[in-house]
Amino acid sequence: MRIATWNVNSITARTPRLLAWLESTGTDVLCLQEAKTTEAQFPVAELRELGYESAVHATGRWNGVAVISRVGLEDVVKGLPGDPGYEDVQEPRAVAATCGPVRVWSVYVPNGREVGHAHYAYKLRWFEALRAAVADDAAGGRPFAVLGDYNVAPADEDVWDISVFDGATHVTPAERAALADLRATGLGDVVPRPLKYDHPYTYWDYRQLSFPKNKGMRIDLVYGNEPFTKAVTDAYVDREERKGKGASDHAPVVVDLDV
DNA sequence: ATGCCCCACGCTGTGGGA
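Numbering (the UniProt record's numbering) for the first sequence: 1 to 259.
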């Protein structure tokens with residue numbers, strides 16, 4: 001089984017590339033983030049023509065997540081139980097589904113904006129809710145993973161130049177502690193291999209030639225429990241999909257499983 | 001070549017991204 005996560009930065013802008021990518025890679029399950037549309041406008045029909053079912057949690061201009069599967073789609077949960085919300089709004093940042101033998105969450109962790117900002121506190125509270133929501137599945141015997149845009153670089157090596165991030169979000173001890181607390185439920189980091197260069201970055205800013213210069217970050221992560229990680233036969237960042245006109249600023253992370 | 005920001009909303013800018 002081939003399972004992937006990809007922040008598409010608007011499903012509307014990315015549908016042609018998404019459909020072509022699903023076909024060319026033979027991906028069975030995709031956890032998608034930043035749909036940036038409503039559930040009604042999500043391209044469910046186009047995906048169904050390719051043989052995929054869609055579980056979509058999206059409400060409009062911002063955020064929006066989905067699980068797309070051609071190997072079954074059961075027990076869908078939209079939203080994080082205990083979601084703290086931001087300014088009294090529970091944003092669409094998490095959706096879960098069981099796809100054949102595997103259960104997954106597709107997550108889009110809040111950005112945080114600046115250390116000390118209310119959005120940063122929200123980010124940390126959101127991580128705590130995520131930890132609580134996945135603990136039972138993480139400890140269970142079924143292959144389970146939380147895939148998505150975590151908006152945290154797990155280690156200094158996961159950004160191109162740590163000195164640039166002095167005082168910034170995405171690299172703070174508190175954010176990394178939140179990742180560690182999440183892993184402590186029984187999840188391991190499935191680190192993909194890069195297709196080029198030394199480090200498996202998954203995001204490159206659109207500006208300042210970041211991609212050609214490989215000024216990237218590894219912030220799209222796959223955290224799996226032991227039944228999941230034991231089944232992994234390969235994992236890579238599909239940087240080819242970051243190239244050219246009409247690319248997302250994130251590349252897909254692809255994981256092959258023997259399940 | 002990988003190439004100098006892009007998305008939605010909705011309008012001549014604004015907010016958000018990281």
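Virtual Cβ for every residue (Gly too), placed ideally from N, Cα, C.
Just so it is clear, the structure is predicted and the values come from calculations on it, not from any experiment.
Since residue i and residue j are thought to touch, with beta carbons under 8 Å apart, how far apart are those beta carbons, to the nearest angstrom?
i    : j    : result
P252 : T5   : 7 Å
Y203 : G216 : 6 Å
R218 : Y201 : 5 Å
S54  : F42  : 6 Å
A96  : R103 : 7 Å
L80  : L130 : 6 Å
Note down, in chain order, each residue of its chain lying with its Cβ closer than 6 Å to the Cβ of residue i, except the 5 sequence neighbours on either side.
i    : result
A235 : V190, P192 and V255
G100 : V71 and G72
S210 : W204
L30  : A4 and I68
T12  : T37
D28  : M1, R2, R70 and V71
Check residue i in the structure and name its three-state DSSP category.
i           : result
V222        : strand
K78         : strand
V152        : coil
H250        : strand
H170        : coil
R239        : helix
L209        : coil
V8          : coil
residue 262 : Examination of residue 262 is not possible in this model, given that the chain is present from 1 through 259 alone.
A132        : helix
V190        : coil
A97         : strand
D234        : strand
T185        : coil
T37         : coil
L32         : strand
D198        : coil
K245        : coil
H117        : coil
Per DSSP, which residues does residue i bridge with? Please list them.
i           : result
A145        : V104 and G224
residue 260 : With the chain covering 1 to 259 only, the question about residue 260 has no answer from this structure.
Y86         : V89
E53         : S69
L19         : None, per the DSSP bridge assignment.
T25         : For T25, which the question treats as bridged, DSSP gives no partner whatsoever.
W62         : Note: W62 sits in no beta bridge, so no partner.
Y203        : M217 and H250
R2          : D256
W44         : In the sequence under discussion, the amino acid at residue 44 is Val, which differs from the Trp named in the question. Per DSSP, none; premise fails for V44.
V159        : M217
Considering only residues of the same chain and omitting the five flanking positions on each side of residue i, which have a CB-CB separation below 7 Å?
i    : result
D249 : N9, Y203, W204, D205 and Y206
V159 : A153, F165, V171 and M217
L19  : E46 and L50
G167 : V115
A132 : G82
G84  : The question names Gly, but residue 84 in the sequence shown is Pro. Y122, R125, W126 and A129.
Going along the chain, which residues of its own chain have a beta-carbon closer than 8 Å to the beta-carbon of residue i, five neighbours each way excluded?
i    : result
L195 : Y236, V237, D238, R239 and E240
R183 : D189 and Y223
**Report entry** Stretch-stretch touch, CB-based, cutoff 8 Å, three pairs: the region 211-231 with the region 136-145
**Finding:** yes
Query - Three-pair Cβ contact test at 8 Å for the region 27-41 versus the region 62-77 - result: yes
Query raised in the report: Hey, is the region 110-120 in contact with the region 67-76, meaning 3+ C-beta pairs nearer than 8 Å?
Result: no
Query raised in the report: At a cut of 8 Å, does the region 117-127 reach the region 172-182 through at least three beta carbon pairs?
Result: yes
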